[in-house]
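Heads up: the sequence shown begins at 197 in the working numbering, then just goes up one per residue.
No residue lacks a Cβ here, since even glycine has one placed at the ideal position from N, Cα and C.
Since this is a predicted model, take the numbers as computed values, not measurements.
Heads up: the structure comes next, in structure tokens.
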Amino acid sequence: MKIKFFFIIWCLSLLTVLEAQGENVTFRVRSWDAKNNQVVTTTDTKDATVLSGEHENDWIALGNGYYVVNSHTQYKVLNITGNDVHLILSNGAELNCVHVKLKDGYKLHIHDVSDQSSGKLIVENHKEYTKKAGKRKYGNGSYTTTHGVYHTAAGIGTGGSEDGPMGSLYVHSGTVEVYQGGLGAAIGGGLEWGIGVNSEVTIFGGIVETHVFSDNYSGAGIGGGMKANQGGPINIYGGTVGSMIDGDWQSCSHGAGIGGGGWDGNGGTVNIWGGHVIAIGGKDGCGIGGADGGKGGDVHIYGGTVEARGGEKCSAIGGYRGKDKGTITFADNLKVMAGTATRKERGNYELKTNTERVFTNAEREAACQYRTWAKVEACLHTAPADGSDKTEAIYYTIDDKNTHTKHCRYCNATWKESHYDVTCVCGKNSMVQIGIHNPGTTENTYAAGILKIVGAGKQFTMPACSVPEGYEFKGWEKDPTEENENKWCHTPDGLVQPQTSITAEAGMDYAKYYARFAKVYTTSWTWIRTAGGAQATVTIKHKGETVASETSGSSNKMNITSEYLTETMTVDDQEVEIIIGTRYNATCNWTNSDGHTYEFTDSYDVVDDLTLQNGSDNTEAISENILCPVNVELNGRTLYKDGKWNTLCLPFDIYDFTGTPLEGATVMTLDVEGTYGDKKTGYDASTGVLSLYFEETDWIEAGVPYLVKWASGDNIESPVFNNFTIFNDDPDETKLVSEDGKVTFIGNYDPVVLTGGDKGSLYLGADNKLYWPSANKTVNAFRAIFKVDTSIASQVRSFEMNFDGDTVTGIVTIEQEKGNNRANRWYDLQGRQISNSKLSKGLYIHNGQVVVVK
């Protein structure tokens, strides 16, 4: 309560107390004559209170009544507190202030006394007025001053988020200049507010100029503050109105010139009846309409000259970028020139060369909404002197034998005139009637002809045609015989195409043109490999229904040829083509019941087969097919689905197991990169334990060894891998070596013989155990073995296997050849042999198993 009381006293201390003086003043009053579409100027005389003096730090409250300024006068804030407040600017007078506070429900009228050196109201809410920045409150609003700027306030309007929308402003005459910084509009709402829904901004005449200098978020020139829609309507009946955002175009969100504020501000209703209007949006603002995410409004242009420039990818008049662009209506006799504008510096821009042109009547709205610059002005109904399109403006349509209508292509103006004479400018020499017959709703029927009346000797452009489903348009047939008149697919030579110019000749009355079509077919192909090559079948459908089927070998309509299927590769720095298979090409020439012949084609690629042997040398076969796509069969190899691991090494990559023999398998690769931190694949000399860590993978790299298993299922005999490219012919290049270099996991494409007693070579047995060979042992092709460095081979006592981070399931001693006399020995977990005569509690290794002594 004390704070509010102090606030009121503080505000009152700023208010200037007017002396009891007044004078009789005659001033100009303007209004709109809707019947005659013009501004009416009258004069009125009232007793007015004189405003004078320099009060740069003071507020002044203006209630209902009349106030006149006769000289240079300055206040910090004009606080409008009535709904019938009139400010009169005498010739040569200037009233300066930082802010005009105009809340919803209050109304301010601005007048001058004559055209001679018209008085000015200058609002500068952007420069330093006090040395100390801070926050002040007055009324129900909150204003922030930053170097003297009321940061959340409009120039003319309200003060910010707590102050509500703007009241009504009426500019009858005089000059109003607003220079705005911060987050409010120059004229309109402060932060988060626009013009009140029951209020309006109306300009009858004079000069209204607004500039928004913010290099950050801002409101509109006239309309909404930041985060605010335009709100109530803006009406411009006359005068000169310049509303622009002058901030740095590379900075953040700016408002529209006229419309919504920055940050999602929507445009509103804007009615322009006359005057000269220039509206320039900021970086993200339209000239007239929405800003920075905001939609366009309802813009009605009935007269005057309007020039609008939107920001980066924003409409000249409309919505922000891809947003709803609102609506624009134009009066007749207004033309639109539009183009692409580029920003040069604050408030200035230039048009890109050859982008501007005058748009036709039907294009006027889209031109303003999809160009960044547009100018709307009175149409002179002549070919434009500027721009890229200088087409003559006037064209004619013939009404009947007595009159024609004159049209301006750039605006909606029309004039009905009588023909001049036999050689009338509209082309009326003698009249030719042309009938255009589009297809009916059912096959082989036609709609009633569309009648065109063309002057003899004049050209007529053939139109496009509506095309029924399942057909393609072939052209227009002129004057068909009665027998062929209603046949859609009757397509003789000489059909006339759309956009073709036809000369209307006397004597061709009445000419009839019928749309002609051909059926559109879809095809589906099936291929079968045969001993001698391939067989193709094509199924032909029309509108989803099968009408024919042709198969090669049983139909003389189908022909198949073959060619080598090749692929380019680089060998010794030279590009060469290698044969990788056969391509079969099918051509079917088929004639339908209408007598039209169609050609259907398809091709079928067959990749070469490559059979690799389980128990034989495959080196040459793989090398000859390096970089070739082939269908690979591992003849004699069995992949067991018994829950046990298979070792596997393939010469090609597999990125997706789906549809391959490995579908459903768990695939592991040896971890040699320390995925599990301190637990790494390698040899621990202190324990004699060889640790093998594996991680799961969902793809296979050519030449790299893997472990593969299935929980259950039928074993795969001689698996076939279809259409894979051979990338590796030497698995020694892709072997996996542990970080300490003590263990290697290496694949083989050929059978490998392990020497009996070689403790440096380990293979995975059918029971998921590692063995060294007791006698010479052959490991067949496309498998993998483990190689242990010779320096430790005889020292390895046991190994542990860990699969993808799961808990180790067992520690198993390495088996030697059968009959080894160590079968009954006991070891501790460090691999040291101990006596079994007296075992304490703990874990021990016996007969290759972990034993718990309790």
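> Roughly how many angstroms separate the alpha carbons of Val-404 and Val-437, rounded to a whole number?
Replying inline: 5 Å
> DSSP puts Glu-820 in a beta bridge; with which residues?
Replying inline: BP columns for Glu-820 are empty, so no partner.
> Are the beta-carbon atoms belonging to Ala-711 and Cys-784 less than 8 Å from one another?
Replying inline: no
>> So Gly-378 and His-407 are supposed to be a Cβ contact under 8 Å. How far apart are they, rounded?
In response: Not confirmed; about 13 Å, so no contact.
> Alpha carbon to alpha carbon, what distance is there between Asn-918 and Leu-966?
Replying inline: 32 Å
> How many Å lie between Val-493 and His-792 at the Cα?
Replying inline: Reading off the sequence, residue 493 comes out as Gly, not Val. Rounded to the nearest angstrom, the two C-alpha atoms are 55 Å apart.
> Helix or strand or just coil, what does DSSP make of Asn-831?
Replying inline: strand
> Looking at the unbroken beta strand (DSSP E) that takes in Cys-564, where does it start and where does it end?
Replying inline: It is not in any beta strand (DSSP E) - Cys-564 instead sits in the alpha helix (DSSP H) that spans 560-565.
> Which class does Asp-790 belong to by DSSP, given the choice of helix, strand or coil?
Replying inline: coil
>> So, at 6 Å on beta carbons, what are the nonlocal neighbours of Ala-643 in its own chain, with the 5 sequence-adjacent residues on each side left out?
In response: Asn-634 and Gly-636
> Apart from the five residues on each side of it in sequence, which residues of its chain come closer than 6 Å, Cβ to Cβ, to Thr-871?
Replying inline: Glu-891
> What does Pro-825 pair with, by DSSP beta-bridge criteria?
Replying inline: Thr-921
> In chain order, what residues of the same chain have a beta carbon less than 6 Å from the beta carbon of Gly-953, not counting five sequence neighbours either side?
Replying inline: none
> Is it right to say Ser-439 is buried, meaning 16 or more other beta carbons lie within 10 angstroms of its own, or is it exposed?
Replying inline: buried
> Is DSSP giving Glu-929 helix, strand or coil here?
Replying inline: helix
> Could you give the distance in angstroms between the alpha-carbon of Gly-380 and the alpha-carbon of Ile-454?
Replying inline: 13 Å
> Of the residues Asn-821, Pro-915 and Val-225, which one's Cα is nearest the Cα of His-368?
Replying inline: Val-225
>> Looking at the secondary structure, which residues open and close the beta strand (DSSP E) in which Asn-166 lies?
In response: It is not possible to answer for residue 166, since the shown part of the chain is limited to 197 through 1050.
> Is Thr-921 near Phe-848, with beta carbons less than 8 Å apart?
Replying inline: yes
>> By the three-class DSSP mapping on this structure, what secondary structure does Asn-682 have?
In response: coil
> What do you get for Tyr-592, buried or exposed, if any count of 16 or more other CB atoms within 10 angstroms of its CB means buried?
Replying inline: buried
> With 16 other CB atoms within 10 Å as the buried threshold, where does Asp-554 fall?
Replying inline: Note on residue identity: the sequence assigns Val, not Asp, to residue 554. With 16 or more other Cβ atoms within 10 Å, it is buried.
> If you compare alpha carbons, which of Leu-958, Tyr-375 and Phe-978 is closest to Ala-971?
Replying inline: Leu-958
>> Rounded to whole angstroms, what is the Cα-Cα separation between Asn-275 and Val-281?
In response: 11 Å
> Under three-state DSSP, which class holds Ala-643?
Replying inline: coil
>> Since Val-716 and Gly-666 should fall inside the 8 Å C-beta cutoff, what is the C-beta to C-beta distance between them, to a whole number of angstroms?
In response: 6 Å
> Would Trp-498 pass as a contact of Thr-556 if the rule is Cβ separation under 8 Å?
Replying inline: The residue you asked about is not Trp; residue 498 is Tyr in the sequence shown. Not closer than 8 Å, so no.
>> Extract the residue ranges of the beta strand (DSSP E) inside the region 477-516, only unbroken runs of 3 or more that lie entirely within it.
In response: 494-497 and 501-505
> Going by Cα to Cα distance, which pick from Gly-500, Cys-293, Gly-435 and Ala-537 is closest to Asp-254?
Replying inline: Cys-293
> Roughly how many angstroms lie between the CA atoms of Val-939 and Gln-770, to the nearest whole one?
Replying inline: 40 Å
> Considering Thr-152, what are the terminal residues of the beta strand (DSSP E) in which it resides?
Replying inline: The requested residue 152 is not part of the displayed model; the chain covers only 197 to 1050.
>> What residue range does the beta strand (DSSP E) around Lys-715 cover?
In response: 707-715
> Can the beta-carbon of Thr-757 be found less than 8 Å from the beta-carbon of Ile-775?
Replying inline: no
> What's the C-alpha gap between Glu-573 and Ile-513?
Replying inline: 14 Å
> So, helix, strand or coil for Ala-475, using DSSP?
Replying inline: strand
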